[in-house]
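Data block below; observations after.
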Amino acid sequence: MAEEFGFFGDWSERYQYLIDLGRKLPAFPEEWKTEEHRLLGCQSMVWIVPEGNAQSLRFHAISDSAIVSGLIFLALRVYSGRSAQEILDTEPSYIQDIGLARHLSPTRSNGVAAMLAFIRETAQAQLQRDPS
Numbered sequence: 001m002a003e004e005f006g007f008f009g010d011w012s013e014r015y016q017y018l019i020d021l022g023r024k025l026p027a028f029p030e031e032w033k034t035e036e037h038r039l040l041g042c043q044s045m046v047w048i049v050p051e052g053n054a055q056s057l058r059f060h061a062i063s064d065s066a067i068v069s070g071l072i073f074l075a076l077r078v079y080s081g082r083s084a085q086e087i088l089d090t091e092p093s094y095i096q097d098i099g100l101a102r103h104l105s106p107t108r109s110n111g112v113a114a115m116l117a118f119i120r121e122t123a124q125a126q127l128q129r130d131p132s
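Here full-length UniProt numbering is used: the first residue of the sequence shown is 1, the next is one more, and so on.
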């Protein structure tokens with residue numbers, strides 16, 4: 001991922017790439033856009049729906065913000081489709097690797113942290129339910 005973002009010369013190009021990535025998110029059903037699935041801690045509206053079990057967890061998510069949708073795309077690329085244990089063992093180093101941490105506003109950083117915490121908490125809950 002660092003090489004992918006390193007291709008771009010400046011952060012305006014990288015932000016545009018994030019927006020483009022966000023457009024690649026799969027369709028998110030309108031009926032999932034409920035308070036139950038809303039991720040708190042984000043300034044933008046973000047909805048996230050987990051599915052699966054400890055062996056394979058998938059996450060579906062969307063935001064009303066183009067840049068946040070790109071951040072969601074990156075998180076899902078790293079974590080969706082993995083086992084709960086893999087999720088817990090995988091640190092979000094991509095945020096540092098691509099230099100994102102230095103270029104996010106405090107509110108966006110809080111939103112990313114809330115999303116990553118939700119993904120990890122979901123994985124932990126699945127492991128407690130089904131430790132095999």
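Don't be surprised by glycine CBs; every beta carbon is placed ideally from N, CA and C.
These numbers come from a predicted model, not from an experiment.
Check                                                                                                                                      : Outcome
Cβ-based burial, Ser-63 [other Cβ within 10 Å; buried from 16]                                                                             : buried
C-beta neighbour in chain D for Gly-41, strict 8 Å                                                                                         : Absence of chain D from the displayed structure is noted, only one protein chain being present.
Nearest-angstrom Cα separation, counted from Tyr-79 out to Val-46                                                                          : 17 Å
Lys-24 versus Ala-101 - alpha carbon distance                                                                                              : 22 Å
Buried or exposed (CB count within 10 angstroms, at least 16 for buried), Arg-14                                                           : buried
Contact check, Ile-72 vs Ala-54, beta carbons under 8 Å                                                                                    : no
Buried or exposed by the 16-neighbour rule on C-beta atoms within 10 Å, applied to Pro-92                                                  : buried
Proximity below 8 Å, CB of Leu-57 to CB of Ile-87                                                                                          : yes
Unbroken stretches of the beta strand (DSSP E), 3 residues or longer, contained in the UniProt domain "Fe-S metabolism associated" (3-121) : 46-53 and 56-63
Through-space distance from Phe-7 to Leu-18, alpha-carbon basis                                                                            : 13 Å
Under 8 Å between C-beta atoms of Met-115 and Ala-66                                                                                       : no
Length of the line joining the Cα atoms of Asp-20 and Val-68                                                                               : 11 Å
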